[in-house]
Structure formats: structure tokens, C-alpha cells
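Report on one structure; see the data block that follows.
Residue numbers (full-length UniProt numbering): 1 to 161.
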């Protein structure tokens, strides 16, 4: 089930909301531009942390995400850590036919994390011209060693530049 970032934050405070056409109703107001739809990862891969927001300045609404070959995209993730670790890193994969394919240059250090603390990090995703035009599920993870802290997925496509 797709979960809107803004809804997740409100539900955490016990607020009942309804999503209609990208607008949060019940007197809450519109969702923030740039926030993206995302799915939680499967339970075996979801991690113990919580994603609080996921956004990109290059995508102003909830429309389909289309990456143009040869461009680089920036994403900002805010999450509450579910683990304590002296190091962590972001990884990004495109999942095509249930096979995760890593992106070159997208692995980014996220630094030390402490259980219960909130972190905001930006990552860059270069879409090389050599990547094929394809629709896929993109997976963003924050890992500490073999342990997943947070994980999210979103649908997108790579298009010719």
C-alpha cells in the first residue's frame, strides 16, 4: 500500500486524514510539494527505523517520477533511526524482475546513527546515458553493516535524454 509521507506523520500523532487527489483534507491543508509517494519495503527488508519524509526538488508533485538519461537527481530523506551504529550508508537499487540492480556512484555515507535520533541526508542519483530506458521500482536503503535501518521503494522510469 502506498503511504503518503505527510499522512504517516499525521497518523503518528493520531490525526485522522483523507487523501484526495494529492490534497490532505479534514482541515489539514495541501501536502508539501516535492514529497514523493513511496512504499514500505517488505517486512523482511524494512528495517527498524522510520522514514519521516522523502522529497526531491526536481519533482514538484505526485506525478510519475521520470529520470532522464544523463541527469543527476537529488533526494532528501528524513528518518528516525531504529539502531545505533558508528557508520551507515545509503544504497540505491532499481528492481527489475525482482532483481535489485545497484546504481554506480549512488552509494553515499550517512554517518553515525543513534537509536531514536532523527537524521536528514541528501543523496545524488546519477542516471548515466548508458542506462536503458526502463520502468522499475527504485529502492533506497540506509544500512549499517548487514543491518537495514530504513528502506523505501517508489515507482519510476528512466527515459531517453
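A virtual CB, placed ideally from N, CA and C, is assigned to each residue, including glycine.
Source: prediction; values computed, not measured.
> Alpha carbon to alpha carbon, how far is residue 132 from residue 75?
Replying inline: So the two alpha carbons sit approximately 21 Å from each other.
> Per DSSP, residue 137 forms a beta bridge with which residues?
Replying inline: Beta-bridge analysis with DSSP links residue 137 to 95, 155.
> For the 8 Å Cβ check, are there 3 or more pairs between the region 51 to 69 and the region 97 to 112?
Replying inline: Short answer: they don't touch.
> Quick one: what's got a C-beta closer than 6 Å to residue 151's C-beta in the same chain, skipping five residues either side?
Replying inline: Within the same chain, residue 151 has close Cβ partners 41, 45, 46, 47, 141.
> Would you say residue 110 and residue 90 are within 8 Å of each other, going by their C-beta atoms?
Replying inline: Yes, they are a contact pair.
> Between the C-alpha atoms of residue 53 and residue 77, what's the straight-line distance to the nearest angstrom?
Replying inline: Approximately 6 Å between the Cα atoms of the pair.
>> For residue 80 and residue 139, I'd like the C-alpha separation in whole angstroms.
In response: So the two alpha carbons sit approximately 18 Å from each other.
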